[in-house]
């Protein structure tokens, strides 16, 4: 108990330290000063009266939301003897694998003899992943007895059964401005009209004048400095989003967000809990001098092919560039960075791949074995879906329903579950293919799939 | 919170295994690590001497929640006095018994073992568990009999000295100290409200011309 109390005190101290530099702190201070004019604030009970005032005027809610948002990304308290790299990534061989050749635990015995733990897939790292009973418990709100947007809002179902009530609750959550309640609410899906505000509430984004000014500064940086990664971004947008039926209209928005994103040094803050490190360099002529060391690109993230697909679906929700930018940045530093860095985190891409392969091997062993025999390891097909969080593969409305659940559960594991569910859905066709190319062809078009029924069937309705 | 590191000597790990270690195929699942304290005075023969005996202080303490997976495999762990089943006042030797039932790992041990004393009779143990943890550890400690003479400072903490009487004409030190404390609290407040938010510039002296790119 002592340990938990001291851990809690440490977490509180760290969050307070972090929030002290923020806008909210200055606003709260100003509000406290202004409230002194009010008649109900008495000098004898100054502290309690001001606290009461904050509660009534809604400032306490804002503070609650800010603390909740810090907790969502907060890494676990570290042991005093642990070096800072340990906080980013506890496993030594994962830290060393940041420039990846292959990923192997040197202490892991993986002999040829088939033991109880033989894993037939590509990922041979023994990370802890959930199995279906644990997933059922984790995703309990997706169960058969709970209403879901994506299933219970279809035209055949009368809206009085679920949809109307759900929308009413959503409006109430928005009026209360409570992040934690919104996160719980969105697990059953978000109505289209409320989605933009709900996501902003969960990510704790409120468009303050300072944020708009910050975005304008980034735009000025874009004009002043040219970066090589700009060419990467142009190329990526042209190759992916511009070719997509749904997203080509947003080409302009994508440039506005991604070019500014590359120059945003506040993104460097997420490397405290990201296992990767930003590439470092020195100003020309000052090699080795630490004062002239800079990160390249300024935000430490080198974009790769398909990076713009993280932004494209958000363009449907937000039309104002500065808000779109803030939402994307927050989504990136909370979720998307895990999809392209090597770490042992349960939402990291390595764990997602292992979860996918384990689910397939355990619950569809015949299919798994057959695909392996024909040289079509299932991960080779599903990897690209998971790395892009299914963006560009699913229809947009289905994709947004999926991303609702990512926000609601604060975890990316649902991507691996969906990938396994897609394989389960097309299992009959896949059993008949005889080559990797044919398997790819069966799974090439996911745009007709409905996400929520697939997940429900795979998790809750399959007889194992 | 003053923490005094106790110098300790960690002997090499000894695997407990049935049969000949060299010829048998299986890997041992139990390891024993002995830790001695060279700074503890050797016990003296006295007429009231009773022999030292082993006492279990921690039973079946789980370090890895799932022995077959990486969870907690390379974690830093602390053990504290309040978790121990017995009094840690007079310790001669420590024995850590580690168990790893999973056959998936080539080796297992604990590394960077450090023992700390906080105050005269406190004993805390910190260590890092190395690649592949034991699934559970059973820790037994040896206690020495009461006849062992400990250095006086362990059992009798030094009492605080009373301040010498003041000379006339000088200000009251307690009042001065409280005023100084208030000033110090003000400076600390100013210093504490220094924010950690970045300024957000990435060009140095107006230029961003790079030399080379390296991954740390």
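Chains as they are written, first to last, in this note's numbering: chain W, 934 to 1397; chain H, 142 to 357.
Positions of the beta carbon are idealized from the N, C-alpha and C atoms, including for glycine.
For a cut-off of 8 angstroms, the C-beta gap from residue 1059 of chain W to residue 252 of chain H is around 20 angstroms, too long to register as a contact. Of the candidates W/1078, W/1254, W/966 and W/1359, W/1254 places its Cα closest to the Cα of residue 1148 of chain W. Considered as a whole, the segment 1001-1025 of chain W harbours 1017-1021 as its complete alpha helix (DSSP H) runs of no fewer than 4 residues, in chain order. Residue 1323 of chain W and residue 1286 of chain W do not touch by the CB rule: their CB atoms are close to 15 angstroms apart, not below 8 angstroms. DSSP places residue 235 of chain H inside the beta strand (DSSP E), whose first and last residues are 232-240. Three or more beta-carbon pairs separated by less than 8 angstroms are not found between the segment 1229-1247 of chain W and the segment 1295-1315 of chain W, which leaves the two stretches without contact.
In the three-state reduction of the DSSP assignment, residue 1244 of chain W falls in the coil class. The residue from W/1224, W/1187, W/1084 and W/1234 with its alpha-carbon nearest to that of residue 1199 of chain W is W/1234. Contacts with chain W (Cβ-Cβ distance below 9 angstroms) from the segment 234-257 of chain H involve 243, 244, 245, 246, 247, 248, 249, 253 and 255, listed in chain order. Unbroken beta strand (DSSP E) stretches of 3 residues or longer found wholly inside the segment 1117-1143 of chain W: none. Within 10 angstroms of the beta-carbon of residue 1162 of chain W lie 16 or more other beta-carbons, which makes it buried. For residue 219 of chain H, the C-beta contacts it makes with chain W under 7 angstroms involve 1012, in order along the chain.
For the segment 1272-1302 of chain W, the set of positions with a beta-carbon nearer than 8 angstroms to some beta-carbon of chain H reads 1277 in chain order. In this chain, residue 1190 of chain W is not harboured by any beta strand (DSSP E); it is covered by the alpha helix (DSSP H) spanning 1184-1195. Across the set W/1196, W/1123 and W/1139, the C-alpha of W/1196 shows the shortest separation from the C-alpha of residue 1157 of chain W.
Here the segment 983-1003 of chain W lies against the segment 1110-1117 of chain W, with 3 or more beta-carbon pairs under 8 angstroms apart.
No Cβ-Cβ contact shorter than 8 angstroms links residue 1388 of chain W with residue 969 of chain W. Burial state of residue 246 of chain H is buried, judged by a 10 Å Cβ sphere holding 16 or more other Cβ atoms. Look at the beta carbons and you see the segment 995-1012 of chain W touching the segment 941-958 of chain W: at least three pairs across the two are nearer than 8 angstroms. Within chain H, the C-beta atoms nearer than 7 angstroms to that of residue 1229 of chain W come from 351 and 354, in chain order.
Between the alpha carbons of residue 1332 of chain W and residue 1371 of chain W lies a distance of about 25 angstroms. Under the 8 angstroms criterion on CB atoms, residue 207 of chain H is classed as interfacial with respect to chain W. The criterion of a C-beta distance shorter than 8 angstroms is satisfied by residue 1166 of chain W and residue 1236 of chain W. Rounded to the nearest angstrom, the gap between the Cα atoms of residue 1091 of chain W and residue 1082 of chain W is 13 angstroms. Secondary structure note for residue 196 of chain H: its beta strand (DSSP E) is the uninterrupted segment 194-203.
Cα atoms of residue 1016 of chain W and residue 952 of chain W: separation of roughly 24 angstroms, rounded to the nearest angstrom. Secondary structure at residue 974 of chain W: coil, using DSSP grouped into helix, strand and coil. Here the alpha carbon of residue 1187 of chain W sits roughly 32 angstroms from the alpha carbon of residue 1356 of chain W. Unbroken alpha helix (DSSP H) runs of no fewer than 4 residues, entirely contained in the segment 1341-1380 of chain W, are found at 1346-1358, 1360-1364 and 1369-1375, following chain order. Burial is judged here by how many other beta carbons sit within 10 angstroms of a residue's own beta carbon; residue 1350 of chain W has at least 16 and is buried. According to the DSSP assignment, residue 1215 of chain W belongs to the beta strand (DSSP E) that extends over 1213-1216.
In this model, residue 1382 of chain W and residue 1069 of chain W are separated by some 22 angstroms (Cα to Cα). Under the three-state reduction of DSSP output, residue 216 of chain H falls in the coil class, being neither helix nor strand. DSSP lists H/177 as the beta-bridge partner residues of residue 150 of chain H. For residue 1282 of chain W, the enclosing alpha helix (DSSP H) starts and ends at 1282-1296.
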